[in-house]
Amino acid sequence: ILTGLFLAMHYTSDISMAFSSVAHICRDVNYGWLIRNMHANGASFFFICIYLHIGRGLYYGSYLYKETWNVGVVLLLLVMMTAFVGYVLPWGQMSFWGATVITNLLSAVPYVGDMLVQWIWGGFSVDNATLTRFFAFHFLFPFVIAAATLVHL
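Just so we're aligned, residue -2 is where the sequence shown starts under our numbering, counting upward by one.
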């Protein structure tokens, strides 16, 4: 969370500036490259810890404690969503098409899928509204995850 706060001080969530702001962080901000790499690699390390925790839970039969296990599943989904919206924020080609493909998967939901996708996009395509929403979600989800972790304990 701390590295994200420092990155947010220099990030611009506008489609015309997002990629440039990430380049600015890496090239011009003192130790910005280090903070960004710590943020990205910290997320990967966090997933390793989560998978080890899930493996331990499976090994010891923790799934028998249904409430705790279900909160853990919700936590995993929240962490995955946080990582996904964070992946979109640099707004490179992989980010754009990743956002387009993954959000379009929701269009397979019967009856409301297309409406749901447009609601997430904030329009009829992945655009500025999408990036702004994803930045807000990426900022807020870690605090929701921290609160849900307390429930999980």
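Backbone N, C-alpha and C fix where the C-beta goes; we use that ideal spot for every residue, glycine too.
Determine the burial state of residue i: buried for a count of at least 16 other Cβ atoms within 10 Å of its Cβ, exposed for fewer.
| i | result |
| --- | --- |
| Thr100 | buried |
| Val114 | buried |
| Pro107 | exposed |
Report, in whole angstroms, the separation of the C-beta atoms of residue i and residue j, which I expect to be a contact under 8 Å.
| i | j | result |
| --- | --- | --- |
| Trp118 | Thr127 | 5 Å |
| Ile173 | Trp94 | Examination of residue 173 is not possible in this model, given that the chain is present from -2 through 150 alone. |
| Ser92 | Val82 | With a Cβ gap of about 10 Å, Ser92 and Val82 do not count as contacting. |
| Met78 | Phe138 | 6 Å |
| Ile142 | Leu75 | 5 Å |
Whose C-alpha, out of the options, is nearest the C-alpha of residue i?
| i | options | result |
| --- | --- | --- |
| Ala145 | Tyr28, Val71 and His50 | Val71 |
| Ala80 | Met35, Ala40 and Trp30 | Ala40 |
| Ala133 | Asp124, Ala5 and Leu147 | Ala5 |
Tell me which residue opens and which closes the alpha helix (DSSP H) that residue i is part of.
| i | result |
| --- | --- |
| Ile142 | Asn125 to His149 |
| Ser122 | Segment: none, Ser122 is in no alpha helix (DSSP H) and carries neither H nor E. |
| Ala5 | Leu(-1) to Ala5 |
| Ser92 | Gln90 to Asn101 |
| Ser18 | Ala15 to Arg24 |
| Val106 | First-last for Val106: undefined, no H or E at that position. |
Mind checking whether residue i and residue j have CB atoms under 8 Å apart?
| i | j | result |
| --- | --- | --- |
| Tyr60 | Gly54 | yes |
| Leu73 | Ile47 | yes |
| Ser18 | Tyr8 | yes |
| Ser10 | Thr129 | yes |
| Thr65 | Met35 | no |
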